[in-house]
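A short worksheet on the structure shown next.
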Amino acid sequence: MAENETIRTFRLEISYDGTAYHGWQRQPNGITVQEVLEDKLSRLFGGIPIRVQGSSRTDAGVHALGLVGSFRAPESPYIPDWKVKKALNRLLPDDIRIRSAQIVSDDFNARFSACAKSYVYMVNTGDINPFTNRYCWHMEDMTELDALREAIDCLKGEHDFTTFAVEAAKYEDPVRHILDTRIVTFGPLVGMYFLGTGFLYKMVRSMAGALMFVGRGRIPPSEIKAMLEARNRLRCKDTAPAKGLFLKKVFYEGESMEGDLPERPPFWMF
659 MAENETIRTF RLEISYDGTA YHGWQRQPNG ITVQEVLEDK LSRLFGGIPI
709 RVQGSSRTDA GVHALGLVGS FRAPESPYIP DWKVKKALNR LLPDDIRIRS
759 AQIVSDDFNA RFSACAKSYV YMVNTGDINP FTNRYCWHME DMTELDALRE
809 AIDCLKGEHD FTTFAVEAAK YEDPVRHILD TRIVTFGPLV GMYFLGTGFL
859 YKMVRSMAGA LMFVGRGRIP PSEIKAMLEA RNRLRCKDTA PAKGLFLKKV
909 FYEGESMEGD LPERPPFWMF
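The opening residue of the sequence shown carries number 659 in this note's numbering; numbering runs sequentially from there.
Structural data, given as structure tokens:
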């Protein structure tokens, strides 16, 4: 971008099916959501390089209902925000959609301005369904839902989540604050809901993997609390597969977190 050129900051809300992508963040090996989006934005803005800051760096195979991205682009040629949304959705593949686009203040940063995020992990406890299998971990014997509710409650509050983090040693502070957890059901589909101010690497999938042992009656709910207090990654039972995880929503200052609990499976919520 040219010196002294007027610059605008855009905020995008992005949904994507992560099945075909190696996560959000650009990588040298494998196509990513960020790469595809930045390439289309560059095309839209006359070929200049565009860098999108994502609110989260989802792993390969993880999906998003409302990941937020921010980017800066020159004011000239002028493209209104509604046209950015429309044009991007025309250029992007069908498994990536822009839900909203708006011009925001220059100090907005999708990652560093975020104050909370919510995730849902989906499990299918019924027969294998070809229409939901790519979005759910199939676990037919996960029938102990009351025990599962008791166990997931143990994760609320401010804790050291070392047990439930991959590469926990790279964090100076592994303490995170989980604001709410719930178990929601939609027939045979079970959702594990997590709302927190921040999450460690693979923390949600690790918690979901451990909770699965409770839901299957393999360990008591109290074992989740014991695992948390151990602060030892070796105590973590399993890491749930990526396909069942959805980043649901990212919250910013002044935005209400009320009513975020899903009323239907995330893949039916667009």
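Glycine residues also receive a C-beta, built at the ideal position from the N, C-alpha and C atoms.
Just so we're clear, the structure is a prediction, and the values are computed from it rather than from any experiment.
Identify whether residue i lies in helix, strand or coil by the three-state DSSP scheme.
i, result
"Met780", "strand"
"Met850", "strand"
"Ala884", "helix"
"Gly815", "strand"
"Asp831", "coil"
"Ser673", "strand"
"Leu905", "strand"
"Thr801", "coil"
"Leu919", "coil"
"Thr667", "strand"
"Tyr910", "strand"
Pop quiz: residue i and residue j are said to be a contact at Cβ under 8 Å. What is the actual Cβ separation, rounded to whole angstroms?
i, j, result
"Phe668", "Phe729", "6 Å"
"Glu802", "Gly873", "5 Å"
"Val778", "Pro924", "5 Å"
"Ile841", "Leu806", "5 Å"
"Phe844", "Arg893", "About 31 Å separates the two Cβ atoms, so there is no contact after all."
"Lys775", "Ser714", "6 Å"
"Asp818", "Arg889", "5 Å"
"Met622", "Val781", "The first residue shown for the chain is 659 and the last is 928, placing residue 622 beyond what the model contains."
Within this structure, are the beta carbons of residue i and residue j separated by less than 8 Å?
i, j, result
"Gly902", "Cys812", "no"
"Phe909", "Met861", "no"
"Ala731", "Ile708", "yes"
"Leu695", "Gly727", "yes"
"His835", "Glu816", "yes"
"Ala745", "Gly676", "no"
"Val720", "Leu905", "yes"
"Thr820", "Gly867", "no"
"Gly849", "Pro920", "yes"
"Leu869", "Ala809", "yes"
"Ile754", "Val710", "no"
"Ser758", "Lys743", "yes"
"Trp682", "Gly712", "yes"
"Ile761", "Arg701", "no"
"Leu847", "Thr790", "yes"
"Arg684", "Glu671", "no"
"Pro911", "Cys773", "Sequence inspection shows Glu at residue 911; the Pro mentioned does not correspond to that position. Cβ distance < 8 Å, so Glu911 and Cys773 count as in contact."
For chain C, find out if any of its Cβ atoms is closer than 8 Å to the Cβ of residue i; answer yes or no.
i, result
"Met797", "The structure shown contains no chain C; it holds only a single protein chain."
For residue i, write down the residues that DSSP places opposite it in a beta bridge.
i, result
"Phe844", "Leu847"
"Thr839", "Phe852"
Residue ranges of each alpha helix (DSSP H) within the stretch 681-737, 4 or longer: 691-702
In chain order, each beta strand (DSSP E) run of at least 3 residues that lies wholly inside the stretch 745-781: 754-762
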